[in-house]
Structures are given as C-alpha cells and as structure tokens.
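Colleague:
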Amino acid sequence: MFKKCILFVFSISLLLGSIFPMTAGGSIEDLKQKQQEIQNKIKEYRQQADALKSQKENVQAEIDQLDIEIDALNLEIEGYDLQKQELTLQIAEKEQEIVKLNEEIDLNNEALEDRLRIMYKNGTSGYLEVILNADDLMDALTRLDMIQLIVQSDVDLLKSIEAQKKQVEELQLSLENQRAEVITVQNSVIAKKQEVAVAYSEKEQRMAALEKDINKIQQLEAAEEAQSAKIEKDILAAQRAVEYAGGEMAWPVPGNYRITSYFGGRPDPITGVWSTHRGIDIGASYGSAIVAANDGVVIFTGSHWSYGNYIIIDHGGGISTLYAHNTSLLVRNGDEVSRGEQIATAGSTGYSTGPHCHFEVRINGTITDPLKYVK
Ligand SMILES: [Zn+2]
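Heads up: the sequence shown begins at -15 in our numbering, then just goes up one per residue.
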C-alpha cells in the first residue's frame, strides 16, 4: 500500500519565479533566472528596510526621551526665574529699609552735631558751663544727670544705628549672593537645555536621514516589484503564444491507476494541519515508468525540497503538467516530448513518505484538479 503524497506547500514566489508554466526557449529560461534574481533583491531590500525601521524606532524613543528632558529643564528654568524675581523684590524692600534708616541716622546725626557744635563753640567746658550756671547744687546735679543722659542716649543711638546699618548691609549682601547663585544655576540649566536641544536636533536629522533611506529602499523595491510583474506578464504572454497540443491527456503512470490522494483540501499526513493538495497522488512502485501526459516541451527539470526530482512539461495554450518525487529524470530542459513517452522513473524523493507520482495540471500557472484532464 502506498502512502499519501505529502507535497502541498509551495511558495508563491517559487511558483511564479521558478516553475511558472511557460513555453520552452532560452529567453523563458532567462526570464525565470531574472525573476529569481529580482525576488532575491526584493527580499534583500525588505531586510534592509526592516533594519532601518527598527533603527528609526530606537531614534524615535531617544527623541521622546530628550523631549521629556527639555520639558523638565524648561520647568526648572521657570522655577529659577521665579526665585530670582522674589529675591529681587526682597532686595528692593531691604534697600528701602536702608534708605529709611539712613534718613533716621542723618536726623540723629544732625541733632548730635548741633549739640557737639554748641559744645565746640563753648570749648570743652560746654557741659561744665551748663552745670556752673546752675542755680544751686540740686539744680547742678540735675543738669549733670541730664547731660549724662543726653550723652548716653546719643551714644546708644549711634550704636544702634551702626548695628542696624550693618545688619541691613549683611542682609543685602546675602540676598545678592543668593541672587548670583540663582543666576549661576539658571545659566547652567540653560546651557544644559541647549545641549539637549542640540542632541534633539541631531536625532531629528538622523531620523530624517533614516526616513529618506527607507523611502529610497522602498522605491527600489517597488521598481523591482514592477519589473517582476512585467516579467511575469512576459512569461504568460510567451506561454500563450503557443497553442495547446490538443487531444486528451494520457494517464501519467501507465498500469498504476490507484489514486492515494486527491486534489484540494486535506490534512497534512504528518502534521495534520489542513492545507491544499496541489495535485493528485498516484500510487506507483519504485522504478515504474512516468510518462508525458501530452505532447510538449520540458520547461523545467530539477530538485526541490518538497517536490523532490520533478519535471514540468508545457503543452501550449497555457497548460502545463508537473511530475514529482521521481527517482530519476530521463529528459532535460528544452526537450520535446510526445504523449505517452517515458520521462522519469517513480520514486519517493522530496517531502514524501513512499513511492508515488504527484501529478499537477496548471492552467496559466494556476493549479487545477488533474482529474478534469486525465481519466
Ligand atoms: Zn501529492
């Protein structure tokens, strides 16, 4: 008993690029070759674009981070501005206080000077005269007390004025120091902000460059895609240029008529995953003859991980047939073959669990149920 064919997965790119059914001829081979090269280029461009996109994401994250930093620094600068304003107000207040105190000091000085002037005019005996002019001893003592009081109060006044003056000056100095400190810190924050802004602008430039590179690569990819589409069209046009060989197709494995797997949806015999079976599987022992289903030209012979050793024959009119899992191939690319002519020996190469022939019929490159063509 033959096991089912497990060939069912086949990439579109390979389908279009490598084994697209077509008429024979060197130019078709060239087109196929070109198509493969283009597919490789497209793949390469996509990888490049992906790498750049991931770089772009990183740069964007960095830009976002710098944005946050700039916002924080702006807030800090605002804070220092407010502090500076407050200190300026405090200094102005203290300055007013100093002016007021100075006025008081001046007034007191005048009063003191007046007394000193009188004393000077009267010689050093100024105070003494006042005492001597007393009516009696009691009056003299009173006058002496008063003079002592006046002198003492003058001295106290002077002392307190000096102390106040000093205090105001110290206060003003400390406020100014504080203000200078605020300005220093503020300037350093501004400098840091500028640094961050420069880094930000560099990142933005890098971002713009990356976007430009990505666009460029995407344009290149689009150009390759367009080229690929054109070649595909050329292949189809070349294929349609030849009319179908005509007549009914021959059974590809003479003497072996057992179909072990039909065309269409089926579970993968190994993984169980539902997928499309691209052809029919015909049970055949090792070495059985595989024959051409109709007159045509061999447009592909080769090996594939899934198909194993396989052959594609173009019959014209956009119709081609494929024979897979063979042990050996008896024809080469470009060979003309006749209906019923042996082209291979059956086997189990590629993705297969036992000897059989996987047979496909394609109409303009699209797989179709072979049982519509072979009986
Ligand atoms: Zn199969």
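By construction, the Cβ of each residue, glycine as well, lies at the ideal position given by its N, Cα and C atoms.
#1: Evaluate E188 with the Cβ neighbour count: other Cβ atoms within 10 Å of its Cβ, from every protein chain shown; 16 or more gives buried, anything less gives exposed.
#2: Alpha carbon to alpha carbon, what distance is there between I243 and I361?
#3: Are the CB atoms of T305 and A277 nearer to each other than 7 Å?
#4: So, using beta-carbon positions, are P339 and V345 closer together than 7 Å?
#5: Would you decide whether T72 is buried or exposed? Buried here means 16 or more other CB atoms lie within 10 Å of its CB.
#6: Where does L313 fall in DSSP's three states?
#7: Apart from the five residues on each side of it in sequence, which residues of its chain come closer than 8 Å, Cβ to Cβ, to S185?
#8: What distance in whole Å lies between the Cβ atoms of A234 and I274, which are believed to be in contact at a cut-off of 8 Å?
#9: For the candidate residues R30, E21, L15, N24, whose alpha-carbon lies nearest to that of Q203?
#10: Which value, in whole angstroms, describes the spacing of the CA atoms of Y246 and G267?
#11: Who pairs with N240 in a beta bridge, going by DSSP?
#12: Taking the alpha-carbon positions, what's the L116 to A124 distance?
#13: From the DSSP secondary-structure annotation, give me the bridge partner or partners of S287.
#14: Got a sec: does ligand 1 put a non-hydrogen atom nearer than 6 Å to the Cβ of D265?
#15: Among A95, Y270, G249, G271, which residue has its Cα nearest to the Cα of G263?
#16: Express the C-alpha separation of A207 and L194 in angstroms, rounding to a whole number.
#17: Are the CB atoms of G300 and A429 within a distance shorter than 7 Å?
#18: When the Cα atoms are used, what is the spatial distance from K121 to V139?
#19: Can you tell me whether DSSP reads L(-1) as helix, strand or coil?
#20: Can you determine whether any heavy atom of ligand 1 sits closer than 6 Å to the C-beta of H342, and answer yes or no?
#21: When DSSP labels each residue in this structure, what does T333 get in the three-state scheme?
#22: Using 7 Å as the threshold, is the C-beta distance between Y291 and G334 below it?
#23: Give a yes or no on contact between the region 28 to 48 and the region 147 to 156, applying the rule of three or more CB pairs nearer than 8 Å.
#24: Would you check if the distance between the CB atom of I145 and the CB atom of I89 is smaller than 7 Å?
#25: Going by C-alpha distance, which of A192, Y270, E41 is nearest S336?
#26: Sorted by chain position, which residues of the same chain lie with C-beta nearer than 6 Å to Q67's C-beta, five sequence neighbours on each side aside?
#27: Does DSSP classify V226 as helix, strand or coil?
#28: Less than 8 Å between C-beta atoms, sequence neighbours within five positions excluded: which residues of the same chain meet that for D26?
#29: What residue range is occupied by the uninterrupted beta strand (DSSP E) comprising S259?
#30: Using the rule of at least 16 other Cβ atoms within 10 Å of the residue's Cβ for burial, across every protein chain shown, is I22 buried or exposed?
#31: Checking the sheet assignment: what are the DSSP bridge partners for Q326?
#32: Count the other C-beta atoms from every protein chain shown that fall within 10 angstroms of the C-beta of G239, then say buried if there are 16 or more, exposed otherwise.
#33: Quick one: Cα of H309 to Cα of P236, how far?
#34: Curious, which full-length alpha helix (DSSP H) runs of at least 4 residues does the region 36 to 85 contain?
Modeller: Let me lay it out:
#1: Walking along the sequence shown from the start, residue 188 turns up at place 204. Per the 10 Å Cβ criterion, exposed.
#2: Look at the range of the chain in this structure, -15 to 359, and you will see that residue 361 is not part of it.
#3: Residue 305 sits at position 321 when you count from the first residue of the sequence shown. Residue 277 sits at position 293 when you count from the first residue of the sequence shown. Their beta carbons are under 7 Å apart, which means T305 touches A277 by this criterion.
#4: In the sequence shown, residue 339 corresponds to position 355, counting from 1. In the sequence shown, residue 345 corresponds to position 361, counting from 1. Result no, Cβ atoms of P339 and V345 do not sit closer than 7 Å.
#5: Reading the sequence shown from its first residue, position 88 is the one you call residue 72. T72 should be labelled exposed.
#6: By 1-based counting over the sequence shown, the position of residue 313 is 329. The answer is strand: DSSP assigns L313 an E or B state.
#7: On the sequence shown, position 201 is the one that residue 185 refers to. If we look at S185 and ignore the five residues flanking it on each side, it has no Cβ neighbours.
#8: In the sequence shown, residue 274 corresponds to position 290, counting from 1. In the sequence shown, residue 234 corresponds to position 250, counting from 1. That pair is no contact at about 11 Å.
#9: Taking the sequence shown and counting its residues from 1, the one referred to as residue 203 is at position 219. The shortest Cα separation from Q203 among R30, E21, L15, N24 belongs to R30.
#10: As a first step, residue 246 is located in the sequence shown; it is residue number 262 there, counting from the start. As a first step, residue 267 is located in the sequence shown; it is residue number 283 there, counting from the start. Whole-angstrom Cα-Cα distance: 12 Å.
#11: Position 256 of the sequence shown, counting from 1, holds the residue named residue 240. Answer is none; N240 lacks a bridge partner.
#12: On the sequence shown, residue 116 is found 132 positions in, with the first residue counted as 1. On the sequence shown, residue 124 is found 140 positions in, with the first residue counted as 1. Roughly 7 Å between the two C-alpha positions.
#13: Here residue 287 corresponds to residue number 303 of the sequence shown, with the count starting at 1. Looking at the DSSP assignment, S287 forms a beta bridge with N293.
#14: Residue mapping note: residue 265 aligns to position 281 of the sequence shown, counting from 1. Yes.
#15: Here the question's residue 263 lines up with position 279 in the sequence shown. Among A95, Y270, G249, G271, the Cα nearest to that of G263 is on G249.
#16: Along the sequence shown, one-based indexing puts residue 194 at 210. Along the sequence shown, one-based indexing puts residue 207 at 223. Taking the straight line from one Cα to the other gives about 20 Å.
#17: The question about residue 429 has no answer here: the residues shown for the chain are numbered -15 through 359.
#18: One-based indexing of the sequence shown puts residue 121 at position 137. One-based indexing of the sequence shown puts residue 139 at position 155. Here residue 121 turns out to be Leu, not Lys, going by the sequence shown. Distance between the alpha carbons of L121 and V139 is about 27 Å.
#19: Sequence index remark: in the sequence shown, residue -1 carries index 15 (1-based). Since pLDDT at L(-1) reaches only 39, below the 50 mark, its modelled position is unreliable, and no value is offered.
#20: Residue mapping note: residue 342 aligns to position 358 of the sequence shown, counting from 1. In this structure, H342 has its CB closer than 6 Å to one or more heavy atoms of ligand 1.
#21: Residue mapping note: residue 333 aligns to position 349 of the sequence shown, counting from 1. Residue state, collapsed to three classes: coil.
#22: Within the sequence shown, the letter at position 307 stands for residue 291. Within the sequence shown, the letter at position 350 stands for residue 334. Yes.
#23: In short, these stretches do not touch, since the Cβ pair count stays below three.
#24: Taking the first residue of the sequence shown as 1, we reach residue 145 at position 161. Taking the first residue of the sequence shown as 1, we reach residue 89 at position 105. Yes.
#25: Translated into the one-based positions of the sequence shown, residue 336 becomes position 352. Ranking A192, Y270, E41 by Cα distance to S336 puts Y270 first.
#26: Taking the sequence shown and counting its residues from 1, one reaches residue 67 at position 83. Correct list, in chain order: V166.
#27: The sequence position of residue 226 within the sequence shown is 242, counting from 1. V226 falls in the coil class under three-state DSSP.
#28: The residue given as residue 26 occupies position 42 in the sequence shown. One point to set straight first is that residue 26 is Ile, not Asp, in the sequence displayed. For I26, where only same-chain residues beyond five positions count, the Cβ hits under 8 Å are E205, E208, E209, S212.
#29: Here residue 259 refers to the residue found at position 275 of the sequence shown. Residues 258 to 261.
#30: Residue 22 sits at position 38 when you count from the first residue of the sequence shown. That one is buried.
#31: In the sequence shown, the residue the question calls residue 326 occupies position 342. V275, per the DSSP bridge assignment.
#32: Indexing the sequence shown from 1 puts residue 239 at position 255. The residue is exposed, with fewer than 16 neighbouring Cβ atoms inside 10 Å.
#33: Taking the first residue of the sequence shown as position 1, residue 309 is located at position 325. Taking the first residue of the sequence shown as position 1, residue 236 is located at position 252. When rounded, the distance between both Cα atoms is 13 Å.
#34: DSSP runs (the alpha helix (DSSP H)) wholly in the region 36 to 85: none.
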